[in-house]
Amino acid sequence: MNSADRAATSFEGAGLRFPRRDGSRVPFSAFSSPEVYALEQERIFRGPVWSFLGLEAEIPKPGDFKRTYIGDTPVVMTRAEDGSLVAWVNRCAHRGAEICRLPRGNATAHTCVYHQWSYDAKGNLLSIPFRRGSKNMTGMPEDFDLAKHGLQRLRVDSYKGLVFATFSASVCGLTDYIGPEMGPYVDRIFHKPVVYLGCTRQYSNSNWKLYFENVKDPYHASLLHLFHTTFNIFRVGMRAKCLADSAQGLHSVVLAIAQDNLGAEAYQQQNIRSYDDKFTLEDHSILGLIPEYDEITTNHIQTIFPQLVIQQIHNTLAARQLLPKGPDHFELIFHFFGYEDDTEELRNLRIKQANLAGPAGYISMEDTEATELVQRGIVGSESNSSVLEMARSAPDEQHSLISENLVRRFWRGYQNLMGFKSEEDGGA
Amino acid sequence: MNSADRAATSFEGAGLRFPRRDGSRVPFSAFSSPEVYALEQERIFRGPVWSFLGLEAEIPKPGDFKRTYIGDTPVVMTRAEDGSLVAWVNRCAHRGAEICRLPRGNATAHTCVYHQWSYDAKGNLLSIPFRRGSKNMTGMPEDFDLAKHGLQRLRVDSYKGLVFATFSASVCGLTDYIGPEMGPYVDRIFHKPVVYLGCTRQYSNSNWKLYFENVKDPYHASLLHLFHTTFNIFRVGMRAKCLADSAQGLHSVVLAIAQDNLGAEAYQQQNIRSYDDKFTLEDHSILGLIPEYDEITTNHIQTIFPQLVIQQIHNTLAARQLLPKGPDHFELIFHFFGYEDDTEELRNLRIKQANLAGPAGYISMEDTEATELVQRGIVGSESNSSVLEMARSAPDEQHSLISENLVRRFWRGYQNLMGFKSEEDGGA
Amino acid sequence: MNSADRAATSFEGAGLRFPRRDGSRVPFSAFSSPEVYALEQERIFRGPVWSFLGLEAEIPKPGDFKRTYIGDTPVVMTRAEDGSLVAWVNRCAHRGAEICRLPRGNATAHTCVYHQWSYDAKGNLLSIPFRRGSKNMTGMPEDFDLAKHGLQRLRVDSYKGLVFATFSASVCGLTDYIGPEMGPYVDRIFHKPVVYLGCTRQYSNSNWKLYFENVKDPYHASLLHLFHTTFNIFRVGMRAKCLADSAQGLHSVVLAIAQDNLGAEAYQQQNIRSYDDKFTLEDHSILGLIPEYDEITTNHIQTIFPQLVIQQIHNTLAARQLLPKGPDHFELIFHFFGYEDDTEELRNLRIKQANLAGPAGYISMEDTEATELVQRGIVGSESNSSVLEMARSAPDEQHSLISENLVRRFWRGYQNLMGFKSEEDGGA
Amino acid sequence: MMSRVEEALLRLDLMALQDRYVATLDDDRLEEWPGMFTETCRYEIIARENEEAGLPAPLVYCDNVRMLRDRVVSLRRANIYERPAYRHFLSGFACKRVEEGSFEMSCNYVVVNTSLRGESQIYQAGKYFDLVVDTPQGLRFASKRVVYDTSRVQTLLAFPI
Amino acid sequence: MMSRVEEALLRLDLMALQDRYVATLDDDRLEEWPGMFTETCRYEIIARENEEAGLPAPLVYCDNVRMLRDRVVSLRRANIYERPAYRHFLSGFACKRVEEGSFEMSCNYVVVNTSLRGESQIYQAGKYFDLVVDTPQGLRFASKRVVYDTSRVQTLLAFPI
Amino acid sequence: MMSRVEEALLRLDLMALQDRYVATLDDDRLEEWPGMFTETCRYEIIARENEEAGLPAPLVYCDNVRMLRDRVVSLRRANIYERPAYRHFLSGFACKRVEEGSFEMSCNYVVVNTSLRGESQIYQAGKYFDLVVDTPQGLRFASKRVVYDTSRVQTLLAFPI
Ligand code: FES
Ligand code: FES
Ligand code: FES
Ligand SMILES: [Fe+3]
Ligand SMILES: [Fe+3]
Ligand SMILES: [Fe+3]
């Protein structure tokens, strides 16, 4: 028996009903209910999605491995001796111990410490100590078949160096999953080999979907993050692009497009423009922007549901991995990277601009503050709903940052995956 | 869907049955069950009661605000520009973020940090950034009505400077809620303007109702709190009064009446009387009692269900605010106050006597120790009950401290509010 | 109403099904489900088992007491004035406070601090303050019978100085409970008076049954604990004995039998034998083995379900007390002891060999590491099962350490106690 | 250099006083605690939220050493509480001479407490603001104001900080 | 003995610098913080996991004192976060002279933070690796590398460590 | 003044020894740890509940330095555990000379440990009771008794305290 099953049962009766069909009202219990959370593990994370595990650049050599998660389930991504990517549940086929005990490392065989069952990098069971017994001792039954007791392997694939895995045998291939709308934007960032620069981790006391809403919500950007405004940096002529995938609407990309190639100097010159007060940056290099793509954007924020957010902010690049940790917590891992052919100047700029994004980032630290404000604000109001109306009358508008279209689109896709009806549809 | 609803459903089937009709047996699961707790949020804290929020003296000026709770729900009490008292749920009408982020302050408008929706002190939605869009950007739908998206306002009223609020549209007015029995005793303490002196907070690993039992239980006073006895202070001729309201029996007052006007000197002279040993206070001023009411009491402990305990102990005055924090935790806030016309001597005495009550108080620190002993003692005995028999045969006795009448009366009122049947009534 | 009752109800519908009848597949939710845990409290710990509380040597004198637990329920074991052993639930018959507030001590009467109800060591209610009232104050009802309001006493018995108690009126006597197979092995260690040497406590983030599996699993010993191997200590000619009781199969003993009387010197001489590398102990005394039983064993590990593991490792002796603390935690208390007639040399060796076992023990510290690896490994795999196949084809083999027979036997007994069906039996 | 040495010795003496103070409490030698204060001392534990708001409500307030001794007797004889197992830790020490034989001293503190069931938790963090005077009996606290951050006092406060 | 005294005084001076440093942060005197660094300083907060793997990704990275001042202005004027109530504690202090007027110094730190609702928690533990130089204005940090163990940053990091 | 200086230098030397001790453990330089003890040293970790009851059961007990070295080899080669990331913090330092070249020293300790998943927790609090002797190689521990309050050892204890 399985706790998700039980939750499912209770939900078949009770149901989480969304007041409207268009995703514009989200019942707050979606963010706090343990039953919803358990069901998400089954229907989303162990269901028909591809979950981001990490970058190929994290495990460049055969045997390199990294421990991570799909939803709550511990998994390992590794590179087999033949160079192929592999992922398996980090649970010994014998009695269930975590096999891989280090966050990262290199090994072509993995031996469980408990009874030393040993597996190859692909998760095949290689050997069992005393399998044939010893002297008068019996060992494993004759019919015990090593081949049937490997680790639980996942379908794994990589797209331009991004590694994904799925528990689902039926979900479409990864490229189709990313889809024709999102593909080109992933390609934009991952068009050439990347180098891993390390990660920072952030732990938030709020539901993982609040973060998903956040990165699909360009409306908050200039209102919550006041860094640019405070330092009187006008982003003149900023154009935007906001797209969702047409399949489920769970992926999306938000671009802020610079009209000119603005370098640090250009920003500096803007100091003559000012608001009410006179704050200026003493060191402008942090806002430098060395052009490196056909279309120059200050921000490229792209979600590939459910565990990935691709980030380009000026010249700092990161793949953010989103991991749910119970109904009211999530972990967010910023995997920073550069390109193999970075100049030293560009690489240094990427590192300096890590000050912009990440747990201490000038224009990102407020995001977890905001999601936690929601998590605390909704306590006692579980039967109320949020109100997502911005640009609701213009669902096809794609050039506006003043919009909650992507968020509403997300909730429609979520309802669909979870099997949650809308009251407008007579949802039970 | 709402977790309380679900709990309600499960209770409709299961029910928390009280063995007896007279409140003399309380099933221990009342203190530990998460389902009971969730149902209390609905039927008590969001139901037909007035919950104490604080003193008017905490928010004397227009715009002054304080963040607090009704049950689990975050609320803000504030004073509007017209001087009126207001209370609203601290949850943005947009996506649910806590709007008010500081424990206390002064503001006549409250702007949510997430998307800067802005509200006046009365909770009316004043403005939404980009409501009308901008250039090619659409903004909110035409029919979006600011007036329909204010904060969730609560009925609020104050009685003699004590501020209360309720979610209920149907509960009677505050004065009637306090009732004719309790009113005069509230008036006794709040007969003239008070000054706020600050607060101390205590966090206990026990159920909030254990504290409610405690303050309705004069029987424990001389048995648990040994300060007076230890220092050989006889409270000769102490008379008592123990009353509940006649409506629900959820409020009550316990008075310990001094026969004479005993000042510190009088206490000092009592040192000649002694028990077995020879402990005496070196500094007696802590037990001084400057007469300031018609009837001189050393203790006046009054509960106004569910969040208030009024305390006068010698000359130290406090409004204790009781906040449930899950089935096995509560927070208790001692709001100390004096009168505007205090002499310096009297004010100093109030502050010195804060040593008597509060988290470190000589005659109060044991109360949370006791409630935690119960919380730990009942684990594994959830199907057993407490036994409340003291003075059970004298339910109308009001002059005895040796009595559990108020506690039994409380449980009958609680059962009534919660819809919990008694086994004697064939409760399911 | 009682949370276990509720859980029981929900399980009557849902059921925890074991895939096979022979105990060789254990669903992982047995280790993580809160419902299973609640049901264990009822069906095991408050059911027909004898739970180990401690050693008589911990409470040698009349009035000596120790606070401990049976499952989640706080209990006290004490010695009455007449020298008899007593155990009662540590919950005041009045309002449920823990009466005994110290871990250990000596008292022939126990007074609850809350209202000073006072009990004798046998749990009889001796006195209630103001029982008869006072002056005009009524006191307890006339018909209140002290004799009916004592503490909840448990059946208690001791076997060779080991103290056990049970909530069950119907379970067989202690000697029969231990049974004819296990008795001789308990006698082996407890054949003469013991002296208490103190305890160490370990707290693990894993389910209590994972520890039970661990001590019934000789298969892991040489594979998980690498101390001997690393230091090139060959345990030549080690013979083994692995037995379960024939009644329920929940108790067991594992012996590792030394062929010769190996003292420290003998071990030292073995240094000439070596593996690949050259690690040797600088101080060999830690592996000394002063012969003290007819049959010389290096290890004697015996479980008496559900709270006791008897340990003899070389000359260090301990009674390990296993206390569940929620579905994913347990506490393990190593009660070290020696014999009254120990020579100083032997006593010192016992203390030195405490380095081998206990929370920091050279050959035991890995056990909680392993159980925690399992607890983490199974998250998200609650519907999968462990695979216990070692020596499955030789269920009667008793001389092999390479076996999971005792573990499978345990799970069959557990299923029986808990009323959990097997899928092979068409379990619902 | 002499004055640098004198200054260092003063600093070390004051730090040693603070070390003795916390060891006295942590070793449960409460009876020695009042002796570290002057007769007319002030000892106060107050929440930072009150302190910053200029509000006087204290957790503990003593305006002479007799009140400290009374507290010790009450704690030993009258009050009921689980015996604490405090461990104080100090850092960020600062001191300055305010006049001859009179010194201001401040530092962070955190009290780790261990419950009877053996779990260690942060019980309280805050900052000491002290006035120390040189007396014939050695350095004594003329005032010790304990301003605590941890406004939610867990269960109760019995022992001094 | 003189050299032992000199050495002791140096050690005390460096410890006092570290004490002043943490008191500056814990007292929320952020504006004074950049003044404890040299103009060309390096200030970096980096996860131990990156440091040990030789990976450069920082949590905060400043390569001159102007960036420190920018951070203070941003924290005061631009960023939105719950005001921290840090208390730093230090231990395991080590120092050595690397050349005339230039010293390496390291120590453990733990930051206890108290939330607005009054709970104190361990926010971050790690180790400082500092380079201190003697300047006409006194001892200044030429480099302060904060290598933190607590890789899961709770909610966000606003104030420096 | 000279004697005051001598006394201060002794105190500083002993504190520096304790600082080096904890830095050795916190930096995971276990191999250097036995070298801080004398050949015939005693090293013991024992629960305060046993200590106060006069019961001898230890968590770790070594009666010579070879046992310390054995423990290091076992930890490095044999035992399986999650590598700790200890940070020790010390306070409430006291010392006194018991005879020429022999000193008693005690202080509070708390060990903050960070798990592999990046959470820092209080692992253990307690008090050190040390006997230090002056040897030709410098100050060495003749005895270090670690009396811990945190009687519930979380998971296991591998590294020394
Ligand atoms: S659990 Fe992995 S080998 Fe036994
Ligand atoms: S949540 Fe408040 S403005 Fe958006
Ligand atoms: S609860 Fe024990 S005497 Fe009242
Ligand atoms: Fe953002
Ligand atoms: Fe009381
Ligand atoms: Fe083992």
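Protein chains in written order, with our numbering: chain A, 1 to 428; chain B, 1001 to 1428; chain C, 2001 to 2428; chain D, 3001 to 3161; chain E, 4001 to 4161; chain F, 5001 to 5161.
Cβ atoms here follow ideal geometry from the backbone N, Cα and C, with glycine treated the same way.
Quantities reported herein were computed from a predicted structural model and do not represent experimental measurements.
Check: The beta strand (DSSP E) enclosing threonine 1368(B), as first and last residue numbers; Outcome: No beta strand (DSSP E) holds threonine 1368(B); the alpha helix (DSSP H) holding it covers 1365 to 1377.
Check: Chain F contacts from the region 3080 to 3109 of chain D (Cβ-Cβ distance under 7 Å); Outcome: Ala3085, Arg3087, His3088, Phe3089, Leu3090
Check: Closest by C-alpha distance to glycine 54(A), when choosing among Asp64(A), Gly47(A), Ala107(A); Outcome: Asp64(A)
Check: Start and end residues, alpha helix (DSSP H) containing lysine 2216(C); Outcome: Counting along the chain, lysine 2216(C) falls outside any alpha helix (DSSP H), and DSSP gives it neither H nor E.
Check: Closest Cα partner of aspartate 3130(D) within the set Leu3157(D), Asp3027(D), Phe3037(D), Asp3026(D); Outcome: Phe3037(D)
Check: C-beta atoms of isoleucine 5080(F) and valine 113(A) nearer than 9 Å; Outcome: yes
Check: Straight-line Cα distance separating histidine 2110(C) from glutamine 2415(C); Outcome: 39 Å
Check: Alpha carbon of isoleucine 73(A) to alpha carbon of leucine 308(A), nearest angstrom; Outcome: The displayed chain sequence assigns threonine, not isoleucine, to residue 73(A). The alpha-carbon atoms of threonine 73(A) and leucine 308(A) are separated by roughly 16 Å.
Check: heavy atom of ligand 1 below 8 Å from histidine 2110(C) C-beta; Outcome: no
Check: Which residues DSSP lists as bridging asparagine 1106(B), in chain order; Outcome: Asp1064(B)
Check: Simplified DSSP assignment, three categories, for glutamine 4121(E); Outcome: strand
Check: The region 1391 to 1403 of chain B contacting the region 3082 to 3102 of chain D, beta-carbon criterion three pairs below 8 Å; Outcome: no
Check: Where the region 1383 to 1402 of chain B meets chain C: residues whose CB sits under 9 Å from a CB there; Outcome: Ser1383, Asn1384, Ser1385, Ser1386, Val1387, Leu1388, Glu1389, Met1390, Ala1391, Arg1392, Ser1393, Ala1394, Glu1397, His1399, Ser1400, Leu1401, Ile1402
Check: C-alpha distance - glutamate 42(A) paired with lysine 2216(C), whole-angstrom precision; Outcome: 34 Å
Check: Residue of Phe337(A), Ser32(A), Glu369(A), Gln353(A) minimising C-alpha distance to lysine 192(A); Outcome: Phe337(A)
Check: Beta-carbon gap between glutamine 202(A) and phenylalanine 410(A) smaller than 9 Å; Outcome: no
Check: The alpha helix (DSSP H) enclosing valine 4072(E), as first and last residue numbers; Outcome: 4065 to 4073
Check: Among Glu5052(F), Ile5046(F), Gln5018(F), Val5112(F), the one whose alpha carbon lies nearest that of alanine 1984(C); Outcome: With chain C covering only 2001 through 2428, there is no way to say anything about residue 1984(C).
Check: Cβ-heavy atom distance, asparagine 1214(B) to ligand 5, below 8 Å; Outcome: yes
Check: Buried versus exposed, by CB contacts within 10 Å (16 or more), proline 1060(B); Outcome: exposed
Check: Ligand 6 heavy atom lying under 8 Å from the CB of glutamate 2295(C); Outcome: no
Check: Cα-Cα separation between leucine 243(A) and aspartate 82(A), rounded to whole angstroms; Outcome: 38 Å
Check: Proximal residues of chain A, C-beta to C-beta of valine 2374(C) below 9 Å; Outcome: Arg91, Cys92, Arg95, Gly96, Ala97, Glu98, Tyr114
Check: Interface positions of the region 5049 to 5072 of chain F facing chain I (Cβ-Cβ less than 7 Å), listed along the chain; Outcome: Absent here is chain I; the protein component of the structure consists of chains A, B, C, D, E and F.
Check: Minimum C-alpha distance to arginine 4042(E) - residue among Arg4048(E), Ala4142(E), Val4146(E); Outcome: Ala4142(E)
Check: Top-ranked residue by Cα proximity to cysteine 5095(F), from Leu5116(F), Arg5071(F), Ser5106(F), Leu5157(F); Outcome: Ser5106(F)
Check: DSSP-derived helix/strand/coil call for methionine 1418(B); Outcome: helix
Check: Own chain partners of threonine 5024(F) with C-beta closer than 6 Å, once the 5 adjacent residues on each side are dropped; Outcome: Glu5032, Trp5033
Check: Heavy atom of ligand 3 within 8 Å of glutamine 1375(B) beta-carbon; Outcome: no
Check: Those residues which DSSP pairs with cysteine 1100(B) across a bridge; Outcome: None, per the DSSP bridge assignment.
Check: Minimum length 3: unbroken beta strand (DSSP E) runs contained in the region 134 to 197 of chain A; Outcome: 155 to 159, 162 to 166
Check: Closer than 8 Å: alanine 5158(F) CB and nearest ligand 6 heavy atom; Outcome: no
Check: C-beta contact flag for phenylalanine 1279(B) and arginine 1017(B) at 9 Å; Outcome: no
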